[in-house]
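Protein chains: 2
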Amino acid sequence: MNESSRPPRSTVKRLPQRAVYDRAAIDAISDEGLVCHVGFSCDDRPFVIPTIYVRIGGQVYLHGSPASRMLQLLAKGGEASIAVTLVDGLVLARSAFHHSINYRSVVLFGRGAAVHDDAQKLSVLKALTDHIMPGRWSEVRAPSPDELRRTLVVSLPIEEASAKVRVGPPLDDEPDYVLPVWAGVLPLKLSALAPLPDARLAEGTLPPPYLTDYAGPQGAVGG
Amino acid sequence: MNESSRPPRSTVKRLPQRAVYDRAAIDAISDEGLVCHVGFSCDDRPFVIPTIYVRIGGQVYLHGSPASRMLQLLAKGGEASIAVTLVDGLVLARSAFHHSINYRSVVLFGRGAAVHDDAQKLSVLKALTDHIMPGRWSEVRAPSPDELRRTLVVSLPIEEASAKVRVGPPLDDEPDYVLPVWAGVLPLKLSALAPLPDARLAEGTLPPPYLTDYAGPQGAVGG
Numbered sequence: 001m002n003e004s005s006r007p008p009r010s011t012v013k014r015l016p017q018r019a020v021y022d023r024a025a026i027d028a029i030s031d032e033g034l035v036c037h038v039g040f041s042c043d044d045r046p047f048v049i050p051t052i053y054v055r056i057g058g059q060v061y062l063h064g065s066p067a068s069r070m071l072q073l074l075a076k077g078g079e080a081s082i083a084v085t086l087v088d089g090l091v092l093a094r095s096a097f098h099h100s101i102n103y104r105s106v107v108l109f110g111r112g113a114a115v116h117d118d119a120q121k122l123s124v125l126k127a128l129t130d131h132i133m134p135g136r137w138s139e140v141r142a143p144s145p146d147e148l149r150r151t152l153v154v155s156l157p158i159e160e161a162s163a164k165v166r167v168g169p170p171l172d173d174e175p176d177y178v179l180p181v182w183a184g185v186l187p188l189k190l191s192a193l194a195p196l197p198d199a200r201l202a203e204g205t206l207p208p209p210y211l212t213d214y215a216g217p218q219g220a221v222g223g
Numbered sequence: 001m002n003e004s005s006r007p008p009r010s011t012v013k014r015l016p017q018r019a020v021y022d023r024a025a026i027d028a029i030s031d032e033g034l035v036c037h038v039g040f041s042c043d044d045r046p047f048v049i050p051t052i053y054v055r056i057g058g059q060v061y062l063h064g065s066p067a068s069r070m071l072q073l074l075a076k077g078g079e080a081s082i083a084v085t086l087v088d089g090l091v092l093a094r095s096a097f098h099h100s101i102n103y104r105s106v107v108l109f110g111r112g113a114a115v116h117d118d119a120q121k122l123s124v125l126k127a128l129t130d131h132i133m134p135g136r137w138s139e140v141r142a143p144s145p146d147e148l149r150r151t152l153v154v155s156l157p158i159e160e161a162s163a164k165v166r167v168g169p170p171l172d173d174e175p176d177y178v179l180p181v182w183a184g185v186l187p188l189k190l191s192a193l194a195p196l197p198d199a200r201l202a203e204g205t206l207p208p209p210y211l212t213d214y215a216g217p218q219g220a221v222g223g
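Those protein sequences? They're chains A and B, same order as listed.
With the numbering used here as the guide, the letters of the first sequence map in order to residues 1 to 223.
With the numbering used here as the guide, the letters of the second sequence map in order to residues 1 to 223.
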């Protein structure tokens, strides 16, 4: 989505110097997130729910139980706003006012639709699994027909999208630079700790490299 | 909010065994989060925006520019749903279907109001700063009257709230336990890396202990 064609709702109103409308940048942020937050209205009241997701091309996919109120609403064409937020660091300025957060975030808008075709559902679930843990899908037992029936998959075309990004050091007021206050950035990162094997692990099963070298979610293959 | 008095909207519909309604548990999750996601409606369309926040007692406070569309809407009594989500780990089962996430999340609902009193605004900004980085406020230059004027602070009473929590190992179907697939939990944690000092740091300024021993957001004092 380029600057000239973007629809009015996704225009970033505040601090427009932080706004990013380039589609490749928006996709890259979306692909690095683990959990998104879905905003929707139900009975004229706002709701926001966290869930995992995957982007494939110009679509975002969510999944869950057919009994999920949010998925039911989206499956019927309901509108959603989806935020993916990556926190990169705390920005510590010399004044309270100029403290900030380094982050990359996208907000997407679209109307949902149910994915009915079993082959497409499987392909979305594979992409979702491999987005979160690349290589995992091929090692685990695939969903049975009954499990597929018990999984509602919803697609949302990315109809509008915008991103906001803050990087770099604090920006203080000139007179404040002489203050003897530590200033700079404390980088933050969602990191994996040592894997905890299940108590009933089959004998001799070692943690695979995608686990011991885990580097976070990746873009879906073909996405 | 105890089970018998909780209003209908905040009842967790899916997987009720994961639901937590105890107020102390809800507060503890809220206090550990850095960024929340605020869902609101504008022109009958759903929006979701990430922002920092602090809980003090039964109120959540947001702040930002007076030009923020979201804050303007909440300052006028607009309704919001606020989600705080802590991701604790990836749950790797032997079947694709039973993969999950260990997490703690809360969803709060309330109607906003602007905080007009300067002393109260200052006290909220102090709590917000010390929630994210305990001890920081007392070292930095406090907001000037002009900076306070340029900061809109909004309160939301927590009118309804619920939490969802998943902990522990994967739960596989009995026949799948014999599969030679690594299963267990990959713990995830938002961790601080080494602080990056600002290029114009006053000479001899060392990183304070609250930075080098950073353990994430804490509950506001008196909260």
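Virtual Cβ for every residue (Gly too), placed ideally from N, Cα, C.
All figures in this text were calculated on a predicted structure; none of them were measured in a lab.
Residue pairing by DSSP places B:S100 opposite B:V91 in a beta bridge. Taking a 10 Å sphere around the C-beta of B:A67, we find fewer than 16 other C-beta atoms and assign the residue as exposed.
Residue environment: B:T212 is assigned as exposed (fewer than 16 neighbouring CB atoms within 10 Å of its CB, all protein chains considered).
Annotation: A:H116 is outside any beta strand (DSSP E) and is labelled neither H nor E by DSSP. Note on geometry: alpha-carbon atoms of B:G184 and B:A114 lie some 47 Å from one another. Counting C-beta pairs closer than 8 Å gives three or more between the segment 171-185 of chain B and the segment 189-205 of chain A, which meets the contact rule. At least one CB of chain B lies nearer than 8 Å to the CB of A:S41. Measuring C-alpha to C-alpha distances from B:E32 to each of B:D198, B:D117 and B:S105 identifies B:S105 as the nearest. Using a CB distance below 7 Å, the part of the segment 155-179 of chain B facing chain A consists of P169, P170, D176, Y177, V178 and L179, ordered along the chain. According to the DSSP assignment, A:L148 belongs to the alpha helix (DSSP H) that extends over P145 to R149. For A:Y210, the uninterrupted alpha helix (DSSP H) segment begins and ends at P209 to T212. Under the 8 Å criterion on CB atoms, B:D198 is classed as interfacial with respect to chain A.
Proximity to A:L148 across A:Q120, A:A80, A:L34 and A:V48 peaks at A:Q120, based on C-alpha coordinates. For A:P197, DSSP records a beta bridge to B:G184. The segment 84-104 of chain B makes contact with the segment 25-43 of chain A; the number of CB pairs closer than 8 Å reaches 3 or more. A contact is defined here as three or more CB-CB pairs under 8 Å, and the segment 135-148 of chain A meets this definition with respect to the segment 91-98 of chain B.
Approximately 14 Å separates the beta-carbon atoms of A:I132 and A:V60; this is outside 8 Å, ruling out the contact. The Cβ-Cβ distance between B:G112 and A:G39 does not fall below 8 Å. With contacts defined by Cβ atoms closer than 8 Å, B:V48 and A:V154 do not form a contacting pair. Straight across, the Cα-Cα distance linking B:Y210 with A:I26 is about 34 Å.
CA-CA distance, B:P145 to B:S65, rounds to 15 Å. CA-CA distance, A:P197 to B:D172, rounds to 14 Å. Where B:L71 is concerned, there is no enclosing beta strand (DSSP E), although the alpha helix (DSSP H) around it starts and stops at R69 to A75. The Cβ atoms of B:A220 and B:D130 sit closer than 8 Å to each other.
Note: A:H37 is bridge-paired with A:P50 and A:A83 in the DSSP secondary-structure output.
For the options A:L156, A:K164 and A:L186, the alpha carbon positioned closest to that of A:P170 is the one of A:L186. It is roughly 9 Å from the alpha-carbon of B:R166 to the alpha-carbon of B:S100. Per DSSP, A:E32 lies in no beta strand (DSSP E); the unbroken alpha helix (DSSP H) holding it starts and ends at R23 to E32. Neighbours of B:P143 in chain A, taken as residues whose beta carbon is under 7 Å from its own, are A96 and F97 in chain order. With contacts defined as CB atoms closer than 8 Å, A:A192 and B:L188 qualify as a contacting pair. Considering only beta carbons, no part of the segment 21-32 of chain B lies closer than 9 Å to chain A.
In this structure B:H63 is buried. Its beta-carbon is surrounded by 16 or more other beta-carbon atoms within 10 angstroms.
In this structure, A:L156 sits away from A:G216, with a CB-CB distance that is not shorter than 8 Å. From the listed residues A:C42, A:G58, A:R45 and A:M70, the smallest Cα separation to A:T51 is found for A:M70. For B:S81, the C-beta contacts it makes with chain A under 7 Å involve P46, F47 and V48, in order along the chain.
Taking the beta carbon of A:Y61 as reference, no residue of chain B falls within 9 Å; the closest one sits roughly 15 Å away.
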